[in-house]
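*Asks:*
Numbering (this note's numbering), first residue to last: 598 to 820.
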């Protein structure tokens with residue numbers, strides 16, 4: 598069993614479950630310098646990640662196991678278990694009972710998400726649904742990246758339509774015409790620059806735009 602002393606209170610993130618979602622989350626946090634501890638019960642996954650992540654083998658559906666891990670020392674816990682619904686609910690409930698300040702939980706369906714919310718998860722994420730929605734936007738138009746923030750407000754990366762090419766943002770007047778905002782422009786070989794009315798757009802540029810998803814969809818569909 599791989600083990601590590603838990604961080605001091607509120608100093609780290611506890612990631613429970615090292616499937617695709619949990620392992621990606623944990624490795625990214627670790628790479629960013631966050632104090633992270635992964636928890637997994639499966640022998641195969643423990644063998645796969647030992648030496649690559651700070652981790653401990655334990656059954657997080659057992660509240661005593663969580664207490665022994667020092668779950669009270671963590672400010673954030675993420676439940677990466679999704680397909681095993683009973684385990685997901687039990688683990689989330691245990692974290693609620695142990696009064697973890699911030700609990701994030703993965704859900705595989707709307708019904709699953711509602712249960713997690715009802716028992717006390719502070720944030721519920723739908724990685725497969727979110728990824729499917731994002732890819733649908735990307736394959737259906739000129740968008741190169743797509744992030745829906747909240748309530749339809751979206752940020753996208755895209756190529757400029759022809760009517761913008763060769764003109765400044767003031768001249769093309771995109772915000773008045775289409776209701777979207779150009780946040781910045783990335784030209785080849787040049788650092789990203791926040792947009793101003795004097796920013797001139799070329800055909801090789803990338804735009805970072807924000808606005809309602811429907812407006813951005815229509816704008817990105819322009820030739």
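Glycine included, C-beta positions come from ideal geometry on N, C-alpha and C.
1. Taking the alpha-carbon positions, what's the residue 743 to residue 806 distance?
2. Who are the near neighbours of residue 600 in its chain, counting only those whose CB is closer than 7 Å to its CB and skipping five residues on each side?
3. Can you list, in chain order, the residues of its chain whose CB lies under 8 Å from that of residue 725, leaving out five sequence neighbours each side?
4. To the nearest angstrom, report how far apart residue 756 and residue 621 are at their CA atoms.
5. Any heavy atom of the ligand ZN within a distance shorter than 7 Å of the CB on residue 769?
6. For the putative contact between residue 751 and residue 810, defined by C-beta atoms under 8 Å, what is the C-beta separation to the nearest angstrom?
7. Could you tell me if residue 816 is buried or exposed, where buried requires 16 or more neighbouring beta carbons within 10 angstroms of its beta carbon?
8. Per the DSSP calculation, residue 779 is bridged to which residue(s)?
9. Do the region 643-652 and the region 677-690 meet, that is, are 3 or more Cβ pairs less than 8 Å apart?
10. What does DSSP give as the partner residue(s) for residue 609 in the beta ladder?
11. Going by DSSP in three states, residue 637 sits in which element: helix, strand or coil?
12. If you reduce the DSSP assignment to three classes, tell me which class residue 689 lands in.
13. In the DSSP assignment, the alpha helix (DSSP H) including residue 665 goes from what residue to what residue?
14. Using 8 Å as the threshold, is the region 700-719 in touch with the region 757-770, meaning 3 or more CB pairs across them?
15. With distances taken between CB atoms, is the gap from residue 668 to residue 615 smaller than 8 Å?
16. Expressed to the nearest angstrom, what Euclidean distance is found between the alpha-carbon atoms of residue 801 and residue 780?
17. Using the C-alpha atoms, what's the distance from residue 670 back to residue 702?
*Replies:* The relevant details are as follows:
1. 10 Å
2. Model confidence at residue 600 stands at a pLDDT of 45, short of 50, so the residue's coordinates are unreliable; what they give is reported in the following sentence. So the qualifying residues of the chain are 653.
3. 705
4. 29 Å
5. The ligand ZN is not part of this structure, which contains no ligands at all.
6. 4 Å
7. buried
8. 806
9. no
10. 632
11. strand
12. helix
13. 660-666
14. no
15. no
16. 17 Å
17. 19 Å
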